[in-house]
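Beneath this line is the structure, given in structure tokens, with notes to follow.
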Amino acid sequence: MTFMTRRRFISMACASCLIAPSAHAFQWQGTALGARARIILDHPNAKGITQRALGEISRLEDIFSLYRSHSELVQLNAAGHLEAPSFELLECLSIARHAHRLTEGRFDPTVQPLWRVLADAYSMGRPADDTEISAARARIGFDRVSFDSEGIRMSADQQLTLNGIAQGYIADRIAVLMRREGIEDVLIDTGEIIAMGAPHGQAAWPVTIAGEVKTRALTGRALATSAPFGTRLSATGQIGHILDPRHGGILETDIRQVSVSAQNAALADAISTGLCVAKDRNEARGLLRGDKDAVLESVQTMADAI
């Protein structure tokens, strides 16, 4: 069985929305947190502005990456606490807290120990045993994580992953940088999309969600798409890269893909991840009623794929 980490899945799946760039626009393509990324803008100094954006991406990776030994997140997971965390990490955790409550625990960054147990077991060609799963589940609970400007504190043996929100948060920070540069028309895609203004000669950015035919007009908002079984960890296909933190990982869902729009990409990212754990389209709609800004743009079910 071919095994892929969640990070690799994101880099494969980040083109869940397809955007046609203007012939007049400058386009950069690269990576952010291991995910394929791109920036499209029409400006005389587009290359210089994009270089500053790349510097910002690298700075943020030093906060959020699970693959940089010196990142704030790695230090937090190793020690169980982090003194004087960055503003960006605190802001991201605050958005994560909102998504955790909105989805009634379906989005939970403390799922990392469970994901690690399952991923390690299936990479060795065996299922994780019940003892391993039970021990990992006991460490899950974002409500046991406290944070403020002085520090972040977790319960014993807890670990965080921000893979379900950090790509979106990076897009938000790049949008802030672009506004400071006076940019009004830019498309930022870090796996989650922010559309500011519109391409040359158009009213909005044309966006197509994977699996759909129609093109949507996106401007002044962010769009995120998540697919619970985009990568399957188990040979039986029961366990995908998005886990149910409440039930040991196995999803009982009819959902194949969820797309959510919001004013910021971090929130859209986290909510779309959490709604993948809803059992069906109706439950996803019901959970989203608790947020006045986020919009459930699309829910594709297993039946839709037949």
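No gaps in the numbering here: position 250 of the sequence shown is 251 in the working numbering, and each next residue is one more. No residue lacks a Cβ here, since even glycine has one placed at the ideal position from N, Cα and C.
Below 7 Å between beta carbons: does that hold for residue i and residue j?
| i | j | result |
| --- | --- | --- |
| Asp294 | Ala267 | no |
| Ile1 | Ser95 | As displayed, the chain neither begins before 2 nor continues past 307, which places residue 1 out of reach and without an answer. |
| Leu188 | Ile41 | yes |
| Gln76 | Leu67 | no |
| Leu34 | Glu62 | yes |
| Leu288 | Thr104 | yes |
| Pro114 | Ala97 | no |
| Ala129 | Ala120 | no |
| Gly27 | Ala47 | A small fix is needed here, since residue 27 is Phe in this sequence, not Gly. Their beta carbons are under 7 Å apart, which means Phe27 touches Ala47 by this criterion. |
Using the rule of at least 16 other Cβ atoms within 10 Å of the residue's Cβ for burial, across every protein chain shown, is residue i buried or exposed?
| i | result |
| --- | --- |
| Ile272 | buried |
| Glu253 | exposed |
| Met2 | Residue confidence is low: Met2 scores 31 on pLDDT, short of 50, so the model does not pin down where it sits. Its coordinate-derived value is still stated next. Exposed, by the Cβ-count rule. |
| Pro110 | buried |
| Thr191 | buried |
| Gln52 | exposed |
| His242 | buried |
| Gln30 | exposed |
| Val300 | buried |
| Arg290 | exposed |
| Arg39 | buried |
| Thr132 | exposed |
| Arg222 | buried |
| Val214 | exposed |
| Arg7 | A caution first: Arg7 carries a pLDDT of 33, below 50, which makes its placement in the model unreliable, though a value can still be read off. The residue in question, Arg7, is buried, as its Cβ has 16 or more Cβ neighbours within 10 Å. |
In terms of alpha-carbon separation, which member of the options lies closest to residue i?
| i | options | result |
| --- | --- | --- |
| Ile195 | Gly212, Gln168, Gly183 and Glu213 | Gln168 |
| Val278 | Pro229, Val118 and Thr220 | Pro229 |
| Leu91 | Ile251, Arg69, Ala129 and Tyr170 | Tyr170 |
| Gln203 | Asp43, Leu34 and Ala176 | Asp43 |
| Ser260 | Leu103, Thr209, Pro200 and Gln30 | Thr209 |
| Gln160 | Arg140, Asp173 and Leu119 | Arg140 |
| Arg102 | Arg69, Ser135, Gly81 and Arg145 | Arg145 |
| Arg180 | Gln28, Ser70, Ser59 and Ile50 | Ile50 |
| His201 | Asp186, Asp305, Ser124 and Glu213 | Asp186 |
| Asp292 | Phe148, Asn265 and Pro45 | Asn265 |
| Ile134 | Ser59, Arg117 and Ser147 | Arg117 |
| Ser150 | Lys280, Ala85, Ala205 and Leu276 | Ala85 |
| His99 | Gly126, Gly287 and Ala269 | Ala269 |
| Phe148 | Ile184, Asp158 and Cys93 | Cys93 |
| Ala311 | Asp305, Arg154 and Ala176 | In this structure the chain extends from 2 to 307, so residue 311 is not present and cannot be described. |
| Met155 | Gly126, Ile184, Val112 and Glu182 | Val112 |
So residue i and residue j are supposed to be a Cβ contact under 8 Å. How far apart are they, rounded?
| i | j | result |
| --- | --- | --- |
| Gly1 | Thr220 | Because the chain in this structure spans residues 2 to 307, residue 1 falls outside the shown range and cannot be described. |
| Arg247 | Gly142 | Their Cβ separation, rounded to whole angstroms, is 10 Å, which puts Arg247 and Gly142 out of contact at 8 Å. |
| Leu244 | Glu298 | Between Glu298 and Leu244 the Cβ distance is about 23 Å, and since that is not below 8 Å, they are no contact. |
| Gly165 | Thr274 | 4 Å |
| Ala285 | Ile251 | So it is not a contact: roughly 18 Å between Cβ atoms. |
| Glu89 | Arg37 | With a Cβ gap of about 22 Å, Glu89 and Arg37 do not count as contacting. |
Say the cut is 6 Å; is the CB of residue i nearer than that to a heavy atom of the ligand ATP?
| i | result |
| --- | --- |
| Leu34 | As for the ligand ATP, it is missing from this structure, which has no ligand bound. |
For residue i, which beta-bridge partners are listed by DSSP?
| i | result |
| --- | --- |
| Val177 | DSSP output for Val177 lists no bridge partner at all. |
| Ile189 | Ile40 and Ile195 |
| Gln159 | Bridge partners of Gln159: none, in fact. |
| Ser70 | Paired residue(s): none; Ser70 is not in a bridge. |
| Ile153 | Leu83 and Phe148 |
| Leu219 | Trp206 |
| Gly31 | Ala38 |
| Leu252 | Note: Leu252 sits in no beta bridge, so no partner. |
| Ala167 | Beta-bridge pairing links Ala167 to no other residue. |
Strictly under 7 Å for the Cβ-Cβ distance: is residue i near chain B by that measure?
| i | result |
| --- | --- |
| Arg247 | The structure shown contains no chain B; it is built from a single protein chain. |
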